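Peer 1: Take the working numbering: the last position of the sequence shown gets the number 470, and nothing is skipped along the way. For every residue, glycine included, the Cβ atom is placed at its ideal position computed from N, Cα and C. Model, not experiment: these values are computed from the prediction. The structure under discussion is supplied below as structure tokens; questions concerning it will follow.
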Amino acid sequence: MNWIFKGVMIATVFCCGLLFQTNAQGKINVADVIKATASQYRHAVNEYKDSTKIPRSTKPDGTLFTVDSKDWCSGFFSGSLWLLYDLTKDDFYKKTAIKWSGTIEKEQYNTTTHDIGFKVYIPFGAAYKDTKNVAYKNIIIQSAKSLAKRFHPNVGLIRSWDGNRYNYPVIIDNMMNLELLLEASKFTGDDSYKQIAIKHADKTLDNHFRKNYSSYHVVDYDSLTGTVIKKQTYQGYADESAWARGQAWGLYGYTVMYRYTKEEKYLEQANHIADFILNNPNYPQDGVPFWDFNDPKIPNTYRDASAAAVMASALLELKNYTATEKSKRYFKQAEKILTTLSTPQYLATSGNCNFVLKHCVGNWPKGKAIGEIDASINYGDYYFLEALKRYKESK
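The following block contains the structure:
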């Protein structure tokens with residue numbers, strides 16, 4: 076397997092000489108990258124006619140893996156189409172975004188998952204912003220009602236998973252679904268949704284983070300008392316390791332919490348998480364992290380472009396809330412990430428089942444067959460496009 080890693084490292088070393096569509100200063104040419112991603116997605120919607128079979132990722136054999144609306148990744152494909160409409164103003168993407176979002180509409184009533192924010196808010200939040208169609212706002216409100224039912228007052232948190240493996244599991248990913256609740260409170264004037272988000276964020280802040288501000292993946296609670304039973308991982312290298320995408324989820328989630336509440340503790344936490352990532356000795360110079368910061372095989376292990384995309388998007392928002400020097404650092408780091416992700420090493424401009432980003436890591440412990448190792452995954456594309464949009468707007 077070393078030859079794979081050597082190839083990745085060689086490509087990384089020479090990435091500055093392989094920049095895709097850069098300007099004279101060697102920075103990302105946003106217009107060209109948007110054009111390339113838009114072309115990929117145009118091919119996708121022209122090729123994939125059945126919107127009930129949602130493109131999720133590339134399989135190990137290079138073929139397409141699709142899911143239905145119940146899957147936690149079901150909202151990212153249509154979310155990317157909405158972002159492409161924002162970026163291009165081409166009605167083709169708006170029409171197709173409406174079509175593919177419609178497949179997910181029924182998930183607004185799903186109370187069996189914390190991922191309803193990923194599934195529903197990502198496409199329908201964008202749909203409402205772009206169209207002001209009240210039907211989309213009502214879908215968001217109903218989705219928040221469904222998510223709120225997973226909140227247990229004794230625990231003070233939204234339950235992540237059902238089943239018997241854990242008592243009351245909460246994963247760091249859940250921070251990403253709080254925006255749905257916060258937006259619902261804005262829409263309705265009902266503060267209860269916001270209060271649930273605040274309670275969840277506060278208890279996650281207390282129990283999910285180590286002294287160095289890295290995050291555990293899973294914290295299991297006693298459902299009667301709300302006390303911590305154990306802290307471990309499900310997708311990272313080890314219980315005490317720092318799973319890269321988990322760190323990105325936390326960075327993004329607390330940045331969003333500050334946006335809505337203006338509570339300084341959330342801004343401080345986001346800054347602390349950013350410092351952990353950016354100052355980590357195992358964080359590569361090109362800005363694309365290894366899938367876990369503590370994998371002992373570093374540098375001979377896989378990168379995670381999806382985690383990089385989430386980090387870039389979060390940093391481009393966080394820079395707006397911080398002092399000048401931190402703001403500059405966050406912007407430069409996000410720019411570096413986007414520049415690296417726009418090289419041929421990471422950006423597909425044809426084929427690749429019409430996905431954009433390559434070299435993402437989904438769930439390493441499940442293995443290559445079902446774990447989406449070194450694959451293209453739809454949430455990588457989504458956060459890459461969101462970061463491009465934020466970068467474009469900040470120029």
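Given this structure, state the Cα-to-Cα distance separating T284 from T186, to the nearest angstrom.
Peer 2: As a working mapping, residue 284 is identified with position 209 in the sequence shown. As a working mapping, residue 186 is identified with position 111 in the sequence shown. Here residue 284 is Phe; the residue named in the question, Thr, does not match the sequence. So the alpha carbons of these two residues sit roughly 27 Å apart.
Peer 1: Excluding sequence positions up to five away, which residues of its chain have a Cβ less than 8 Å from the Cβ of T163?
Peer 2: For this step, residue 163 is matched to residue 88 along the sequence shown. I109 and A113.
Peer 1: How do the segment 213 to 226 and the segment 288 to 306 stand: do at least 3 beta-carbon pairs fall below 8 Å, yes or no?
Peer 2: With a cut-off of 8 Å, the segment 288 to 306 and the segment 213 to 226 do not count as touching, because too few Cβ pairs lie within range.
Peer 1: Among all the DSSP beta bridges, which residues are the ones paired with L162?
Peer 2: In the sequence shown, counting from the first residue as 1, residue 162 sits at position 87. The partner list for L162 (beta bridge, DSSP) is empty, contrary to what the question assumes.
Peer 1: Rounded to whole angstroms, what's the CA-CA distance from K337 to K269? Just pull it up for me.
Peer 2: To locate residue 337, count along the sequence shown from 1; it is residue 262. To locate residue 269, count along the sequence shown from 1; it is residue 194. Taking the straight line joining both Cα atoms gives about 13 Å.
Peer 1: Is S290 helix, strand or coil by DSSP?
Peer 2: Looking up residue 290 in the sequence shown gives position 215. In this structure, S290 counts as strand in the three-state DSSP scheme.
Peer 1: Distance, Cα to Cα, D361 vs K407?
Peer 2: Indexing the sequence shown from 1 puts residue 361 at position 286. Indexing the sequence shown from 1 puts residue 407 at position 332. Cα to Cα, the separation comes out at about 11 Å.
Peer 1: Is the CB-CB distance between R378 and P356 below 9 Å?
Peer 2: Locating residue 378 in the sequence shown gives position 303, where the first residue counts as 1. Locating residue 356 in the sequence shown gives position 281, where the first residue counts as 1. No; because the gap between Cβ atoms is not below 9 Å, this pair is not in contact.
Peer 1: Are the segment 443 to 452 and the segment 128 to 137 touching by the rule of at least three beta carbon pairs closer than 8 Å?
Peer 2: Yes, the segment 443 to 452 touches the segment 128 to 137.
Peer 1: Give the range of the alpha helix (DSSP H) segment to which L413 is assigned.
Peer 2: One-based indexing of the sequence shown puts residue 413 at position 338. Run containing L413: T399 to L416, per the alpha helix (DSSP H) assignment.
Peer 1: For Y296, list the residues DSSP reports as bridge partners.
Peer 2: Counting from 1 along the sequence shown, the entry for residue 296 is found at position 221. The partner list for Y296 (beta bridge, DSSP) reads V303.
Peer 1: Taking CB distances under 9 Å as the criterion, tell me whether I352 reaches chain D.
Peer 2: Among the chains of the structure shown, chain D does not appear; only one protein chain is present.
Peer 1: Quick check on W78: buried or exposed, where buried means 16 or more other Cβ atoms within 10 Å of its Cβ?
Peer 2: On the sequence shown, residue 78 is found 3 positions in, with the first residue counted as 1. Here the model assigns W78 a pLDDT of 33, short of 50, so the residue's position is not dependable, and the following value carries that caveat. Burial call: exposed.
Peer 1: Are the CB atoms of I352 and A323 within a distance shorter than 9 Å?
Peer 2: Locating residue 323 in the sequence shown gives position 248, counting from the first residue. Locating residue 352 in the sequence shown gives position 277, counting from the first residue. Yes, they are a contact pair.
Peer 1: Measuring only the C-alpha atoms, how far is L256 from Y421?
Peer 2: Counted from its first residue, the sequence shown places residue 256 at position 181. Counted from its first residue, the sequence shown places residue 421 at position 346. Going from the Cα of L256 to the Cα of Y421 covers about 34 Å.
Peer 1: Rounded to a whole number of angstroms, what is the C-alpha to C-alpha distance between R320 and L326?
Peer 2: Looking up residue 320 in the sequence shown gives position 245. Looking up residue 326 in the sequence shown gives position 251. Each residue's alpha carbon lies about 10 Å from the other.
Peer 1: Could you work out which residue in T424, A349, T178 and K278 is closest to K401 when comparing CA atoms only?
Peer 2: For this step, residue 401 is matched to residue 326 along the sequence shown. Closest option to K401, Cα to Cα, is A349.
Peer 1: For H227, which residues does DSSP report across the bridge?
Peer 2: In the sequence shown, counting from the first residue as 1, residue 227 sits at position 152. L232.
Peer 1: Assuming L432 contacts S381 under a Cβ cut-off of 8 Å, what Cβ separation, rounded to an integer in Å, is found between them?
Peer 2: Taking the sequence shown and counting its residues from 1, one reaches residue 432 at position 357. Taking the sequence shown and counting its residues from 1, one reaches residue 381 at position 306. That belief holds up - the Cβ atoms of L432 and S381 are roughly 7 Å apart, short of 8 Å.
Peer 1: Give the range of the alpha helix (DSSP H) segment to which P198 is assigned.
Peer 2: Indexing the sequence shown from 1 puts residue 198 at position 123. That run of the alpha helix (DSSP H) goes I197 to T206.
Peer 1: Please report how far the alpha carbon of A99 lies from the alpha carbon of A106, in whole angstroms.
Peer 2: Counting from one through the sequence shown, the residue named residue 99 turns up at place 24. Counting from one through the sequence shown, the residue named residue 106 turns up at place 31. The pLDDT assigned to A99 is 48, lower than 50, so where the model puts this residue is not dependable, and the model offers no usable value.
Peer 1: Please name the residue in N369, Q307, D367 and A272 whose C-alpha comes closest to that of Y333.
Peer 2: What you label residue 333 is simply residue 258 of the sequence shown in a count that begins at 1. Considering only alpha carbons, the answer is A272.
Peer 1: Does N355 come out as helix, strand or coil in the three-state DSSP assignment?
Peer 2: As a position in the sequence shown, residue 355 is number 280, starting the count at 1. DSSP places N355 in coil when its eight states are reduced to three.
Peer 1: Measuring only the C-alpha atoms, how far is F459 from V385?
Peer 2: Start at 1 with the first residue of the sequence shown, and residue 459 comes out as number 384. Start at 1 with the first residue of the sequence shown, and residue 385 comes out as number 310. Going from the Cα of F459 to the Cα of V385 covers about 7 Å.
Peer 1: By Cβ distance below 8 Å, which residues in the same chain neighbour G264 in space, the five residues on each side in sequence not counted?
Peer 2: Mapped onto the sequence shown, residue 264 falls at position 189. Cβ within range, chain order: n/a, list empty.
Peer 1: In the DSSP assignment, the alpha helix (DSSP H) including H129 goes from what residue to what residue?
Peer 2: Position 54 of the sequence shown, counted from the start, is the residue given in the question as residue 129. Checking the sequence, you will find Ile at residue 129 rather than His. Per DSSP, I129 belongs to no alpha helix (DSSP H); it is in the beta strand (DSSP E), I129 to T133.
Peer 1: Please say whether F193 and M251 have beta carbons closer to each other than 9 Å?
Peer 2: Working through the sequence shown from its first residue, we reach residue 251 at position 176. Working through the sequence shown from its first residue, we reach residue 193 at position 118. Contact: yes.
Peer 1: So, C148 versus I173, is the Cβ gap smaller than 9 Å?
Peer 2: Taking the first residue of the sequence shown as 1, we reach residue 148 at position 73. Taking the first residue of the sequence shown as 1, we reach residue 173 at position 98. No, Cβ-Cβ distance for C148 and I173 is not below 9 Å.
Peer 1: Rounded to a whole number of angstroms, what is the C-alpha to C-alpha distance between Y329 and A345?
Peer 2: Within the sequence shown, the letter at position 254 stands for residue 329. Within the sequence shown, the letter at position 270 stands for residue 345. Near 5 Å, if we compare the C-alpha coordinates of A345 and Y329.
Peer 1: Shortest alpha-carbon distance to V436 belongs to which of I445, C428 and K274?
Peer 2: As a first step, residue 436 must be located in the sequence shown, where it is residue number 361. Ranking I445, C428 and K274 by Cα distance to V436 puts I445 first.
Peer 1: In the structure shown, what three-state DSSP assignment does F284 receive?
Peer 2: One-based indexing of the sequence shown puts residue 284 at position 209. Looking at F284 - three-state DSSP - the assignment turns out to be strand.
Peer 1: On a Cα-Cα basis, can you pick out the residue from K224, I197, F226 and A223 that is closest to K212?
Peer 2: For this step, residue 212 is matched to residue 137 along the sequence shown. Selected option, being the one with the closest Cα: I197.
Peer 1: Mark V230 as exposed unless 16 or more other C-beta atoms lie within 10 angstroms of its C-beta, in which case mark it buried.
Peer 2: Here residue 230 is taken as the residue at index 155 of the sequence shown, counted from 1. With 16 or more other Cβ atoms within 10 Å, it is buried.
Peer 1: Determine the burial state of A210: buried for a count of at least 16 other Cβ atoms within 10 Å of its Cβ, exposed for fewer.
Peer 2: Start at 1 with the first residue of the sequence shown, and residue 210 comes out as number 135. Its Cβ having fewer than 16 others within 10 Å, A210 is exposed.
Peer 1: For T188, tell me which candidate among F199, D165, A383 and P244 has the shortest Cα-Cα distance.
Peer 2: Reading the sequence shown from its first residue, position 113 is the one you call residue 188. For the residues F199, D165, A383 and P244, the minimum Cα distance to T188 belongs to P244.
Peer 1: Out of K145, N239, Y341 and D205, state which residue places its alpha-carbon closest to the alpha-carbon of K278.
Peer 2: Stepping through the sequence shown from its first residue, residue 278 is reached at position 203. The residue with the shortest Cα to Cα distance from K278 is Y341.
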